[in-house]
Structures are given as structure tokens and as C-alpha cells.
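>
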Amino acid sequence: MAPDGQPPATPAGASPAAAAPRSGLRVALRTALVVAGILVTLALAAFGALLGAGWYLARSAAGPAAPAVDDPKALVAENQTLEKKIEKARPKGLFLIIDTGRNRLTVRDGERVVREVVVSCGSGGVLEDPKGGRTWVFDTPRGERQIKSKAKNPTWIKPDWAFIEEGEEIPKKYGDRAEEGVLGDYALGIGNGYFLHGTLYTRLLGRNVTHGCVRIGDADLEYLYKNVPLGTKVYLF
12 MAPDGQPPAT
22 PAGASPAAAA
32 PRSGLRVALR
42 TALVVAGILV
52 TLALAAFGAL
62 LGAGWYLARS
72 AAGPAAPAVD
82 DPKALVAENQ
92 TLEKKIEKAR
102 PKGLFLIIDT
112 GRNRLTVRDG
122 ERVVREVVVS
132 CGSGGVLEDP
142 KGGRTWVFDT
152 PRGERQIKSK
162 AKNPTWIKPD
172 WAFIEEGEEI
182 PKKYGDRAEE
192 GVLGDYALGI
202 GNGYFLHGTL
212 YTRLLGRNVT
222 HGCVRIGDAD
232 LEYLYKNVPL
242 GTKVYLF
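Just so you know, the sequence shown maps onto residues 12 to 248 in the working numbering.
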């Protein structure tokens, strides 16, 4: 509004009647441009969709690439070779499987399960020697092993970590390491100081609580001692 409250004056040479059509024309042009832009965008999108659909239909019509046709005789020979390899890798006769996570020992004779046993395997604990800087990890070993030794009424020769764990000085005499009655009635060695042996703590069977050996209850241990010969494969995982 003008300072005096009247409508603003019309510019010289123009009249209110002439200004209105020009303003309407500008609005119409802007609207037309916006509509045209929208139409172009929609057209491009539709064109792209058509191209994509055409590519998909062409690919679908062609189908997946046909696999190379092999010689049937060669396939039969390859299958026979694979079967021989599998058969060769499959354990024969009596063997043991120890699941260290579930604490289960299975005695198998080929495909037949002979006996299933609840055991205790390594705790996974770590012990550090405060003086010598050595570290022990109490895991049961994994992999393929075998029964290398069998003993009745075994004596435990305590390793260094056993004294460190108890806060005792490591003895200098070998005889001071011997301890009776802690391994049960039998022990089956699988190498590197690891044994399948008995336990005073039968209530803990089924739990990971050992320093790496496999603890077994009395009846099951006696069965293994009497029925599992030296050289028997032991698979631990």
C-alpha cells in the first residue's frame, strides 16, 4: 500500500487492464514449464523401465547358460575315484572320537557305535609363571592321535605348572614330582603328556575342568583299558 493508504500508482504508459494479462501469462508459462519437466521425467523413467523389461525378457527367453555336456564314462570314472578316496579316508575297525566341547567320548567300530562316555576335557584356562615368564593354556589337543601307552595304577609325575598353580617351589628332584592315586586305576596315553585317565572328581564329569587330559569315570575307564588296544586311532575336535 502507498503511504497515504491508496493503491500504488500504475507505471506511466500502462493501465491496470494491461498489466493483469501479462502477469497471468507469466504464471501460465511457469506452470507449463513445470508440467513439461514432470512429463519428461516420467517419460525417461518409463523408457528405462521398458529397456530393463526388454533385457529381462530377452534373458529369460534365452534361459540360463547350458552346462557343458561331459562324457558319461568320464563322470562314472570320476565318481568311482571319489568313492575310493572317501572309503580310504574313513576309519576302519575300532576308533575313538572325543568331542571336547560336549565332553563326550564315543567308541566306534566302523559305522557302529559301541559305547558313549561322559568325560571332562580341558578348561581353556591360562596360567602364567610369575617368575619365569612361561604361559600354559589348558586345552585338550585337537586332531588325530592314537593310543600310545596303557598303564595300570598310574603315577602322576607333576609338571612345573602344577607346583606354580599351587604356589609351591618347583622341586629339583624327579622323585619329588611323583604323586599316587590321582589318575584313577588306569591311564591311556595319547602322546605329549596327555592321557585318558580316571578322576577323584566324578561329579564334575561332563564339564570342561581339566588341565588338558581327558578324565573318565571308573567303569568306562576300565572298559577302555581292557577293550581298546595300542595303536587305536583317537580323533579329537
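We put the beta carbon where it would ideally sit given N, CA and C, even for glycine.
(1) Give me, in chain order, the residues of the same chain whose beta-carbon lies closer than 8 angstroms to that of residue 189; leave out the 5 immediate sequence neighbours on both sides.
(2) Residue 235 lies in the alpha helix (DSSP H); which residues open and close that run?
(3) Nearest by alpha-carbon distance to residue 121: which of 128, 209, 109, 104 is it?
(4) Hey, residue 246 and residue 155: beta-carbon distance below 8 angstroms or not?
(5) Could you pull the DSSP bridge partners for residue 168 from this structure?
(6) Considering only their Cβ atoms, is the gap separating residue 131 from residue 215 smaller than 8 angstroms?
(7) Compute the Euclidean distance between the alpha carbons of residue 88 and residue 102, then round it to the nearest angstrom.
(8) Terminal residues of the continuous beta strand (DSSP E) containing residue 222?
(9) Looking at residue 114 and residue 217, is the spacing between their C-beta atoms short of 8 angstroms?
(10) Measuring CB to CB, does residue 242 end up less than 8 angstroms from residue 158?
(11) Using 8 angstroms for Cβ pairs, my map puts residue 172 next to residue 138. What's the rounded Cβ distance?
(12) Out of 99, 197, 237, point me to the one whose CA is closest to residue 226's CA.
(13) Given a threshold of 16 other Cβ atoms within 10 Å of its Cβ, counted over all protein chains shown, does residue 149 qualify as buried or as exposed?
(14) Looking at the strands, I want to know which residues DSSP matches up with residue 110.
(15) For residue 240, does the count of other Cβ atoms within 10 angstroms reach 16, so buried, or fall short, so exposed?
(16) Quick one: measure Cβ to Cβ for residue 236 and residue 194, integer angstroms, because I've assumed they're closer than 8 angstroms.
(17) Are residue 209 and residue 229 touching if we call contact CB-CB under 8 angstroms?
(18) Short check: CB of residue 107 to CB of residue 93, under 8 angstroms?
(19) Going by beta-carbon coordinates alone, are residue 248 and residue 153 separated by less than 8 angstroms?
(20) Leaving out five residues on either side along the sequence, give the residues of the same chain with a beta carbon under 8 angstroms from the beta carbon of residue 182.
(21) Less than 8 angstroms between C-beta atoms, sequence neighbours within five positions excluded: which residues of the same chain meet that for residue 151?
(22) Return the CA-CA distance between residue 201 and residue 161, expressed in angstroms with no decimal places.
(23) How far does the beta strand (DSSP E) with residue 247 in it extend, from its first residue to its last?
Taking the geometry as given:
(1) In the sequence shown, the residue the question calls residue 189 occupies position 178. A distance below 8 angstroms between beta-carbons, with the five flanking residues on each side excluded, links residue 189 to the following residues of its chain, in chain order: 166, 167, 168, 169.
(2) Counted from its first residue, the sequence shown places residue 235 at position 224. Its alpha helix (DSSP H) spans residues 229 to 238.
(3) Residue numbering aside, residue 121 sits at position 110 when the sequence shown is read from its first letter. The shortest C-alpha to C-alpha distance from residue 121 to any of 128, 209, 109, 104 is the one to 104.
(4) Within the sequence shown, the letter at position 235 stands for residue 246. Within the sequence shown, the letter at position 144 stands for residue 155. Against a cut-off of 8 angstroms, the Cβ pair of residue 155 and residue 246 comes out as a contact.
(5) Start at 1 with the first residue of the sequence shown, and residue 168 comes out as number 157. Per DSSP, 189.
(6) Along the sequence shown, read from residue 1 onward, the residue named residue 215 stands at position 204. Along the sequence shown, read from residue 1 onward, the residue named residue 131 stands at position 120. Yes, Cβ-Cβ distance for residue 215 and residue 131 is below 8 angstroms.
(7) For the purposes of this step, residue 88 is taken as residue 77 along the sequence shown, with counting starting at 1. For the purposes of this step, residue 102 is taken as residue 91 along the sequence shown, with counting starting at 1. In a straight line, the C-alpha of residue 88 is about 24 angstroms away from that of residue 102.
(8) Sequence index remark: in the sequence shown, residue 222 carries index 211 (1-based). Secondary structure note for residue 222: it is in no beta strand (DSSP E), with a DSSP letter that is neither H nor E.
(9) On the sequence shown, residue 217 is found 206 positions in, with the first residue counted as 1. On the sequence shown, residue 114 is found 103 positions in, with the first residue counted as 1. Yes, the pair counts as a contact, with Cβ atoms nearer than the cut-off.
(10) Taking the sequence shown and counting its residues from 1, the one referred to as residue 242 is at position 231. Taking the sequence shown and counting its residues from 1, the one referred to as residue 158 is at position 147. Taking a C-beta distance under 8 angstroms as the contact criterion, residue 242 and residue 158 qualify as a contact pair.
(11) Along the sequence shown, read from residue 1 onward, the residue named residue 172 stands at position 161. Along the sequence shown, read from residue 1 onward, the residue named residue 138 stands at position 127. About 6 angstroms; that satisfies the 8 angstroms criterion.
(12) Walking along the sequence shown from the start, residue 226 turns up at place 215. Nearest Cα to residue 226 within the set 99, 197, 237: 197.
(13) Walking along the sequence shown from the start, residue 149 turns up at place 138. Buried: at least 16 other Cβ atoms inside 10 Å.
(14) As a working mapping, residue 110 is identified with position 99 in the sequence shown. Answer by DSSP bridge pairing, in chain order: 115.
(15) Translated into the one-based positions of the sequence shown, residue 240 becomes position 229. With fewer than 16 other Cβ atoms within 10 Å, it is exposed.
(16) Residue numbering aside, residue 236 sits at position 225 when the sequence shown is read from its first letter. Residue numbering aside, residue 194 sits at position 183 when the sequence shown is read from its first letter. Actually they do not touch by this definition, with Cβ atoms about 12 angstroms apart.
(17) Taking the first residue of the sequence shown as position 1, residue 209 is located at position 198. Taking the first residue of the sequence shown as position 1, residue 229 is located at position 218. Yes, they are a contact pair.
(18) Translated into the one-based positions of the sequence shown, residue 107 becomes position 96. Translated into the one-based positions of the sequence shown, residue 93 becomes position 82. No, the pair does not count as a contact, with Cβ atoms beyond the cut-off.
(19) The sequence position of residue 248 within the sequence shown is 237, counting from 1. The sequence position of residue 153 within the sequence shown is 142, counting from 1. A contact, by the Cβ cut-off of 8 angstroms.
(20) Position 171 of the sequence shown, counted from the first residue, corresponds to residue 182. Only 174, 188 meet the Cβ criterion.
(21) To locate residue 151, count along the sequence shown from 1; it is residue 140. If we look at residue 151 and ignore the five residues flanking it on each side, its Cβ neighbours are 109, 111, 132, 133, 205, 221, 223, 224, 225, 247.
(22) For the purposes of this step, residue 201 is taken as the residue at position 190 of the sequence shown. For the purposes of this step, residue 161 is taken as the residue at position 150 of the sequence shown. Just so you know, the alpha carbons of residue 201 and residue 161 end up roughly 9 angstroms apart.
(23) Counted from its first residue, the sequence shown places residue 247 at position 236. Segment 244 to 247, the beta strand (DSSP E) holding residue 247.
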